[in-house]
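**Student:**
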Amino acid sequence: MDKKSRNIVIGAIIVVAIVIVAALAVLDLGGDGDDDSEPIQFGYVLWEGEIAATNVMTLVLQEAGYEVEMVNVDAGIMYQSLASGDLDISVSAWLPATQANYWNVYGENIDDVGINLEGCAIGLVVPAYLTEVNSIYDLANYSSEFQDRIVGIDPGAGMMTNTQDAIDQYDLGFDLLASSSAGMLAELTAAYEDQEYIVVTLWSPHWAFAEWDLKYLADPLGVFGEEEFVHSLARQGFQEDNPGAYAILERFNWTQADIQSVMADIAGGMDEVDAAQKWIDANRDKVDAWLGL
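So for the sequence shown, numbering that gives the first Met the number 0 puts the first residue at 0; every next one is plus one.
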């Protein structure tokens with residue numbers, strides 16, 4: 000091959016390479032055609048399980064090449080922001096009962112991507128050493144011992160609405176103390192150590208059930224519903240804008256044992272991101288399935 004022919008071939012190779020690079024840029028193969036001009040706004044509430052799930056899925060989405068911004072909000076704001084498009088996704092929706100009041104208002108403007116966790120529950124919980132208290136009805140018989148109060152969490156949580164309904168329907172006459180998850184757990188810790196009377200709002204999965212011997216109070220009136228499910232939600236239009244990220248969210252589904260493992264590490268003092276990465280490293284096959292690999 001003479002020099003002129005060689006130069007022509009080299010020039011042709013360069014042109015082909017440029018065309019391939021341009022095509023890859025247009026196709027954005029790393030993000031399946033997703034709009035990556037802005038970070039994914041990932042909303043979550045400060046419940047232990049939702050902290051665990053959101054950190055895990057943030058790392059998974061980042062591994063897939065997406066920029067993600069975690070946004071901590073109250074439950075009501077989470078639904079409102081998904082409906083308005085200010086948030087893109089969340090894996091923190093407790094349905095059908097816990098957050099029904101928010102879903103009934105905003106649900107028609109939110110995309111229910113699917114269930115990511117089964118076998119959940121909410122209700123009123125007391126230490127198991129209170130052997131004489133087994134039903135919500137029993138609380139009225141020990142109102143002074145309980146100081147006429149139920150220790151709750153953040154006022155925007157759907158569970159707080161259920162609890163106020165329980166106070167009314169069971170005619171307890173108790174006050175509902177709004178606090179935070181951390182505040183409620185601090186009160187539960189102190190009461191349990193001193194073997195005192197206390198009733199709190201709590202949910203499963205939660206590491207507290209492994210830490211202490213606790214029990215749900217029977218709910219004959221069904222105020223707290225039956226089995227709860229945690230759903231993944233997205234703003235309308237997110238699937239069209241980010242089909243690859245949406246597909247990962249669709250495939251996200253894990254077990255009680257999975258989430259409890261992450262929660263236990265965080266409760267034990269491990270950094271939230273480190274706990275999430277530890278679980279991912281130990282469950283590579285499951286994560287790869289979410290990624291569609």
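Cβ atoms here follow ideal geometry from the backbone N, Cα and C, with glycine treated the same way.
(1) Examine the Cβ distances between the region 74-85 and the region 229-239 and report whether three or more of them are shorter than 8 angstroms.
(2) Taking only three categories from DSSP, how would you classify Q259?
(3) Taking a contact to mean a Cβ-Cβ separation below 8 angstroms, would you say N282 touches D264 in this structure?
(4) Closest by CA to S296, which one among V199, P204 and Y169?
(5) Please state whether the Cβ-Cβ distance between E49 and S91 is less than 8 angstroms.
(6) Write down every uninterrupted run of the alpha helix (DSSP H) in the region 155-208 whose length is 4 residues or greater and which is fully enclosed by it, in chain order.
(7) Measure from the alpha carbon of G182 to the alpha carbon of each residue in L213, I152 and G42, then state which is nearest.
(8) Work out the CA separation of K285 and D174 for me, nearest whole Å.
(9) Checking 8 angstroms against the spacing of the C-beta atoms, do G118 and S231 come in under that value?
(10) Can the beta-carbon of V222 be found closer than 8 angstroms to that of N161?
(11) In this structure, what does DSSP give as the bridge partners for D110?
(12) Would you please verify whether the beta carbon of S89 is less than 8 angstroms from any beta carbon of chain B?
(13) How many angstroms separate the CA atom of M262 from the CA atom of H205?
(14) For M77 versus G106, is the C-beta distance shorter than 8 angstroms?
(15) Return the chain-ordered list of same chain residues with a C-beta closer than 8 angstroms to the C-beta of E271, the five sequence neighbours on each side being excluded.
(16) Three-state secondary structure (DSSP) at L60?
(17) Please report how far the alpha carbon of A96 lies from the alpha carbon of I197, in whole angstroms.
(18) Which term fits V229, buried or exposed, when burial requires 16 or more other beta carbons within 10 angstroms of its beta carbon?
(19) Would DSSP call E47 helix, strand or coil?
(20) Could you tell me if N241 is buried or exposed, where buried requires 16 or more neighbouring beta carbons within 10 angstroms of its beta carbon?
(21) Output the boundary residues of the beta strand (DSSP E) element that contains I149.
(22) Pick out whichever of I149, P126 and G243 has its Cα sitting closest to the Cα of E62.
(23) Between the beta-carbon of L201 and the beta-carbon of A165, is there less than 8 angstroms?
(24) Measuring straight from C-alpha to C-alpha, what distance separates E192 and D137?
(25) Can you tell me which of W278, P126 and D33 puts its alpha carbon nearest to the alpha carbon of A207?
(26) Where do the N-terminal and C-terminal ends of the beta strand (DSSP E) with S80 fall, by residue?
**Tutor:** Well, looking at it:
(1) The region 74-85 is in contact with the region 229-239.
(2) The answer is helix: DSSP assigns Q259 an H, G or I state.
(3) The answer is no: Cβ separation not under 8 angstroms.
(4) Because the chain here runs from 0 to 292, residue 296 falls outside it and cannot be looked at.
(5) It is a contact, given that the beta carbons lie within the stated cut-off.
(6) Segments of the alpha helix (DSSP H) lying fully in the region 155-208: 157-168 and 180-192.
(7) Per the Cα distances, I152.
(8) The alpha-carbon of D174 is positioned some 44 angstroms away from that of K285.
(9) Taking 8 angstroms as the cut-off, the beta carbon of G118 is found no closer than this to the beta carbon of S231.
(10) Their beta carbons are under 8 angstroms apart, which means V222 touches N161 by this criterion.
(11) D110 is bridged to A233.
(12) Absent here is chain B; the protein component of the structure consists of one chain.
(13) Cα atoms of M262 and H205: separation of roughly 7 angstroms, rounded to the nearest angstrom.
(14) No, the Cβ-Cβ distance between M77 and G106 is not below 8 angstroms.
(15) The residues I50, A51, N54 and I265, in chain order, have a CB closer than 8 angstroms to that of E271 in the same chain once the five nearest residues on each side in sequence are set aside.
(16) DSSP, read as helix, strand or coil, puts L60 in helix.
(17) A96 and I197: Cα-Cα distance of roughly 24 angstroms.
(18) By the neighbour-count rule (16 or more Cβ atoms within 10 Å), V229 is buried.
(19) E47 falls in the helix class under three-state DSSP.
(20) Buried.
(21) Per DSSP, the continuous beta strand (DSSP E) segment holding I149 begins and ends at R148 to V150.
(22) Checked all of I149, P126 and G243; the closest Cα to E62 is G243.
(23) For L201 and A165, no; Cβs fall outside 8 angstroms.
(24) Linking E192 to D137 through their CA atoms gives a straight-line distance of about 23 angstroms.
(25) Measuring from the Cα of A207, the nearest candidate turns out to be P126.
(26) Per DSSP, S80 lies in no beta strand (DSSP E); the unbroken alpha helix (DSSP H) holding it starts and ends at A74 to S83.
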